[in-house]
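Each remark here refers to the structure printed beneath this line.
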Amino acid sequence: MNALYETLTRHLTRIRQITDFTPKAAIVLGSGLGDYADTLRIAAQVPYSDIEGFPVSTVPGHDGCFIFGYIENVPVVCMKGRIHYYEGYKITDVVMPIRLMGLLGAEFLFLTNASGGINTAFRAGDLMLITDHISCFAPNPLIGPNIEELGTRFPDMSHVYDLRLQQILREAAAQQQIPLQEGVYAQLTGPSFETPAEIRMLRTLGCDAVGMSTAVEAIAARHMGMKVCGISCVCNLAAGMTAKPLTHEEVQEAADKAAPRFKQLVTESVRRFGEL
Ligand code: HPA
Numbered sequence: 002m003n004a005l006y007e008t009l010t011r012h013l014t015r016i017r018q019i020t021d022f023t024p025k026a027a028i029v030l031g032s033g034l035g036d037y038a039d040t041l042r043i044a045a046q047v048p049y050s051d052i053e054g055f056p057v058s059t060v061p062g063h064d065g066c067f068i069f070g071y072i073e074n075v076p077v078v079c080m081k082g083r084i085h086y087y088e089g090y091k092i093t094d095v096v097m098p099i100r101l102m103g104l105l106g107a108e109f110l111f112l113t114n115a116s117g118g119i120n121t122a123f124r125a126g127d128l129m130l131i132t133d134h135i136s137c138f139a140p141n142p143l144i145g146p147n148i149e150e151l152g153t154r155f156p157d158m159s160h161v162y163d164l165r166l167q168q169i170l171r172e173a174a175a176q177q178q179i180p181l182q183e184g185v186y187a188q189l190t191g192p193s194f195e196t197p198a199e200i201r202m203l204r205t206l207g208c209d210a211v212g213m214s215t216a217v218e219a220i221a222a223r224h225m226g227m228k229v230c231g232i233s234c235v236c237n238l239a240a241g242m243t244a245k246p247l248t249h250e251e252v253q254e255a256a257d258k259a260a261p262r263f264k265q266l267v268t269e270s271v272r273r274f275g276e277l
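If you count the sequence shown from 1, you need to add 1 to reach my numbering.
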């Protein structure tokens, strides 16, 4: 058996010792949304550290947790604490939790993140529906022997972000009167922010926002047939677009400020997933 798949099945067995909860949707909580899980009707929690050999965040006190519960009666699993490539993990470890949530039964994957805005029409605090991505500045998470049990060697990526889910997110935003930008998200590895020249390059390439996560997770999820959608919180204008240097604190502050709108949009969207 493929070694990665063997590891995945071992992790799956461990979680199944703790809970038999079957999620319909998986949600990755990005910057500012960490406490979203508090709004769930919680059924079970599994700290990553309870799963032997599972990647845990290198940031002390932030080792991360799967939270199982209900959003408006829709069974979900939330990933509180995501694994970033810049922490030094292998790219296959970065997507391990996504694959695991798929194996736990999640049909839908809702990705959230913080990003820098590249599109000159964007403002700090905007929410952006991810309509497509550029992932080729990060390693492809499918490199290595293909896990046949999950999907095909050469998966199609024509519609990474499911068209029907995109429409649901638009409708949820409109109904809640939450303004929603749309665009292409570029994943770079980080952890340094981009240079102004890199931002000009990304704009020329057709990118609207840039961040350090998400696209590789979307690829792994599509490989195994999950339906994916994503929202990015544009926390700052990207490097060179303002006179100010970028700081993590500024990003965090903007993410926290957008959090109430962001949470409302996630809840309203997931409620609609329940009808699919
Ligand atoms: N660049 C990359 N990642 C980010 C940014 C940025 O400007 N803002 C928030 N995450």
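Don't be surprised by glycine CBs; every beta carbon is placed ideally from N, CA and C.
Note that this is a predicted model, so its numbers are computed, not measured.
Where does residue i fall in DSSP's three states?
i, result
"Pro-76", "strand"
"Ala-271", "Correcting the residue type first, residue 271 is Val in the shown sequence and not Ala. Three-state DSSP puts Val-271 in a helix."
"Val-47", "strand"
"Thr-161", "Residue identity check: residue 161 is Val in the sequence provided, not Thr. Residue state, collapsed to three classes: coil."
"Phe-67", "strand"
"Glu-183", "strand"
"Asp-127", "strand"
"Thr-8", "helix"
"Phe-263", "helix"
"Ala-38", "helix"
"Lys-258", "helix"
"Gly-31", "coil"
Assuming contact is defined by CB atoms lying nearer than 7 Å, are residue i and residue j in contact in what I supplied?
i, j, result
"Cys-234", "Ala-259", "yes"
"Ala-210", "Ile-135", "no"
"Leu-30", "Cys-79", "yes"
"Ala-174", "Leu-181", "yes"
"Gly-117", "Ala-239", "yes"
"Ile-148", "Asn-3", "yes"
"Arg-15", "Ile-43", "no"
"Val-99", "Ala-221", "The sequence given here places Ile at residue 99; Val does not occur at that position. Yes, the pair counts as a contact, with Cβ atoms nearer than the cut-off."
"Val-75", "Val-267", "no"
Skipping 5 residues on each side, what residues in its chain have a beta carbon closer than 7 Å to that of residue i?
i, result
"Ala-256", "Ser-32, Gly-33, Ala-115, Cys-234 and Cys-236"
"Gly-184", "Asn-120, Met-129, Thr-132, Asp-209 and Ala-210"
"Ala-45", "Ile-19, Thr-20, Phe-22 and Phe-69"
"Ala-107", "Pro-24, Lys-25, Ala-26, Ala-27, Val-78 and Met-227"
Under the rule that 16 or more other beta-carbon atoms within 10 Å means buried, what is residue i, buried or exposed?
i, result
"Met-97", "buried"
"Lys-81", "buried"
"Leu-170", "buried"
"Glu-7", "exposed"
"Leu-164", "exposed"
Go through its chain and collect everything with a Cβ distance to residue i's Cβ below 8 Å, but skip five positions before and after it.
i, result
"Ala-125", "Gly-118, Val-235, Cys-236, Asn-237, Leu-238 and Ala-255"
Just to confirm my understanding: we take residue i, look at its own chain, exclude 5 residues before and 5 after, and list those with CB closer than 6 Å. What are they?
i, result
"Gly-103", "Met-225 and Met-227"
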